[in-house]
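In UniProt numbering, the protein residues as written are 1 to 404. Cβ coordinates follow ideal geometry from the N, Cα and C atoms, glycine included. Bear in mind the structure is a predicted one, so any value in this text is a computation, not a measurement.
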Amino acid sequence: MIQIAVLGYGTVGSGVVEVIETNQESINKKAGQEINIKYVLDLRDFPGNPIQEKIVHDYEVIANDPEIQIVVEVMGGVEPAYTFVKRALESGRCVCTSNKELVAKHGPELMAIAQEKHCNFLFEASCGGGIPIIRPLNSSLTADVLDEVSGILNGTTNYILSKMESDGSSFEAALKDAQERGYAERNPEADVEGYDACRKIAILSSLAFGHHVDYEDIYTEGITKITASDIKCAKVLGYRIKLVATCKQVKDQYYTMVCPVMVDGEDPLYGVNDVFNAIFVHGNMLGDAMFYGSGAGKRPTASAVVADVVDAAKHLNCTVMQKWSSQKLNLMDVSQVTHRYFVRMEGSLTRDIDQVESVFGQVRPAGVPDLSQEFCFVTKPMTEKEYEEKAAKFGTILNRIRVR
Ligand code: NDP
Ligand code: HSE
Numbered sequence: 001m002i003q004i005a006v007l008g009y010g011t012v013g014s015g016v017v018e019v020i021e022t023n024q025e026s027i028n029k030k031a032g033q034e035i036n037i038k039y040v041l042d043l044r045d046f047p048g049n050p051i052q053e054k055i056v057h058d059y060e061v062i063a064n065d066p067e068i069q070i071v072v073e074v075m076g077g078v079e080p081a082y083t084f085v086k087r088a089l090e091s092g093r094c095v096c097t098s099n100k101e102l103v104a105k106h107g108p109e110l111m112a113i114a115q116e117k118h119c120n121f122l123f124e125a126s127c128g129g130g131i132p133i134i135r136p137l138n139s140s141l142t143a144d145v146l147d148e149v150s151g152i153l154n155g156t157t158n159y160i161l162s163k164m165e166s167d168g169s170s171f172e173a174a175l176k177d178a179q180e181r182g183y184a185e186r187n188p189e190a191d192v193e194g195y196d197a198c199r200k201i202a203i204l205s206s207l208a209f210g211h212h213v214d215y216e217d218i219y220t221e222g223i224t225k226i227t228a229s230d231i232k233c234a235k236v237l238g239y240r241i242k243l244v245a246t247c248k249q250v251k252d253q254y255y256t257m258v259c260p261v262m263v264d265g266e267d268p269l270y271g272v273n274d275v276f277n278a279i280f281v282h283g284n285m286l287g288d289a290m291f292y293g294s295g296a297g298k299r300p301t302a303s304a305v306v307a308d309v310v311d312a313a314k315h316l317n318c319t320v321m322q323k324w325s326s327q328k329l330n331l332m333d334v335s336q337v338t339h340r341y342f343v344r345m346e347g348s349l350t351r352d353i354d355q356v357e358s359v360f361g362q363v364r365p366a367g368v369p370d371l372s373q374e375f376c377f378v379t380k381p382m383t384e385k386e387y388e389e390k391a392a393k394f395g396t397i398l399n400r401i402r403v404r
């Protein structure tokens, strides 16, 4: 029997208990022995809940119990998670976590400790919720040289943007709904300002390209400036707005960005709605592959965490290979990255289009019936720097969104 401890009995932690209880027989079979939750660490008590008999409030109880072989960290935040995880790995215990903040900040160090101590630091649930993506990057796509990993990596923002588009929900109402469904981070600023997607693309690109991508080096824009008017214009032009995280090779450099992007009906991300995420990978032999599924929520995330527990149980005294060097990936300046841009502007299409085209060159213009004082257009491809220089000639731009 393998005794495990779960740190945190919130959305994901309670999901982990539910998954292990519900699928006990099949999980034990796959792990090769019985998985038993001995302790659940939380700040609160849960009177009346059967979990109460396993609740402890002091990590020392877990740290000092030699029976515990696997620690599941699902508390979130950097501290005390980092201290607890490091101690567990240093004592040779495996750790499985859904905490992308921890992985993005301390991943290489924690993996190195795991390697030294012949145990495992596993974090499948840290990216894409229930979608298997870390294991495929580590074990399945090893024959390829990858040059792109990108996609929709945050369930909360995709849910908000989908609700705003499909039923005209306000940003605030859609966010509240996402929080009630257990999708959002404790501080939802991490979702809506793009920080969560930024940490996830840092993790995925570090694994995909084998060099460290520091999340603090990633250009990040969230969805808080997206308005109902942008969504109306996008619809007229045949687009949907998605928060997309990208890491892509351009010659011998890579660029990485997180920002709202307009995608058309031909784009595989167009149909990725609600809480779903999709991660696109391109390899020199494989070509395109896309991983799709529930990007957040109690059961999908817990499913990924428990899959890591099974993997850890199968590899108790050996480290599953993960390649994440602490040497940094060579990132290019985003001002040199090329996109087309959707621009929404104050004014009148018939009156102002000549001036717009004299600055931006030929554009694809559109008027929006509901927005009589505004119009919008899509530019030809240009670098971020070129766009900024041209846009500075107008004082009437209300928003700009990159177009894929
Ligand atoms: P919750 O806030 O729902 O749960 C966290 C739990 O941990 C709470 O019960 C909290 O107690 C407890 N906790 C926090 N600090 C401590 C501490 N110092 N000691 C003991 N217990 C503590 O978060 P989630 O379950 O949603 O998320 C957990 C982690 O998983 C985060 O890193 C998150 O980013 C990640 N994640 C979440 C997903 C989701 O869909 N929700 C999906 C993928 C990853 P209390 O409430 O009393 O503070
Ligand atoms: N808050 C995150 C999201 C949870 O909405 O995607 C999953 O990592």
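Collapsing the DSSP output to three states places His57 in coil. In chain order, the residues positioned with their C-beta nearer than 6 Å to some heavy atom of ligand 2 are Gly129, Asn154, Gly155, Thr156, Tyr183, Ala184, Glu185, Asp191, Asp196, Gly295, Ala296. Of the candidates Tyr254, Gly283, Asp370, Tyr254 places its Cα closest to the Cα of Ser335. When the Cα atoms are used, Gln322 and Asn138 turn out to be separated by approximately 6 Å. The distance from the Cβ of Met1 to that of Glu34 is about 4 Å, consistent with a contact at the 8 Å cut-off. A check of alpha carbon separations from Gln327 across Cys94, His211, Gly129, Glu18 identifies His211 as the nearest. Remark: the C-beta of Lys314 is outside contact range of ligand 1, defined as less than 7 Å to any heavy atom. Looking at the DSSP output, Asp288 shares a beta bridge with His282. Between Gly293 and Leu141, the gap from beta carbon to beta carbon reaches 8 Å or more.
When secondary structure is reduced to three states using DSSP, Gly107 falls in the helix class. Using a cutoff of 7 Å, the CB of Pro80 counts as near ligand 1, since one of the ligand's heavy atoms is closer than that.
Of the candidates Gly347, Tyr341, Thr383, the residue whose Cα lies closest to the Cα of Arg400 is Tyr341.
As DSSP reads the structure, His212 sits in a beta bridge with Lys328.
About 6 Å separates the Cβ atoms of Thr319 and Asn120, confirming a contact at the 8 Å cut-off.
Measuring C-alpha to C-alpha distances from Glu193 to each of Gln24, Asn158, His57, Ile203 identifies Asn158 as the nearest. Taking 8 Å as the cut-off, the beta carbon of Ala143 is found no closer than this to the beta carbon of Ile201.
Inclusion of Asp191 and Thr224 in the CB contact set at 8 Å is not warranted, their separation being larger than that value.
A direct Cα-Cα distance of roughly 12 Å separates His106 from Gly77. Under the three-state reduction of DSSP, Met164 is assigned to helix. For Pro300, the enclosing alpha helix (DSSP H) has its first and last residue at 298–314. Counting only the Cα atoms, Phe209 lies some 16 Å from Val103.
Around the Cβ of Gln362, a 10 Å sphere holds fewer than 16 other Cβ atoms; the residue is exposed. When beta bridges are read from the DSSP output, Ala366 appears opposite Cys376. A residue is called buried when at least 16 other Cβ atoms come within 10 angstroms of its Cβ; Gln52 does not meet this threshold and is exposed.
In the three-state scheme derived from DSSP, where H, G and I count as helix and E and B as strand, Asp267 is classed as coil.
Apart from sequence neighbours up to five positions away, the residues of its chain that approach Leu207 with a beta-carbon distance below 8 Å are Ile134, Leu137, Asn138, Gln322, Lys323, Trp324, ordered along the chain. Taken in chain order, the complete beta strand (DSSP E) segments of 3 residues or longer contained in the segment 73–136 are 94–97. If you draw a straight line from the Cα of Thr256 to the Cα of Asn154, it is about 16 Å long. By a beta-carbon distance limit of 8 Å, Ser126 does not contact Ile27. Their separation comes to about 20 Å. Looking at the DSSP output, Glu346 shares a beta bridge with Glu374. DSSP lists Ala278 as the beta-bridge partner residues of Ile152. Spatial neighbours of Val145 in its own chain (CB-CB distance under 7 Å, excluding positions within 5 residues in sequence) are listed in chain order as Gly283, Asn284. For Asn23, no alpha helix (DSSP H) encloses it, and the DSSP letter there is neither H nor E. Assigned with DSSP and collapsed to three states, Gly48 falls in coil, not helix or strand. At a cut-off of 7 Å, the beta-carbon of Leu175 does not count as near ligand 1: no heavy atom of the ligand is closer than that. In the structure shown, the three-state DSSP call for Arg340 is strand.
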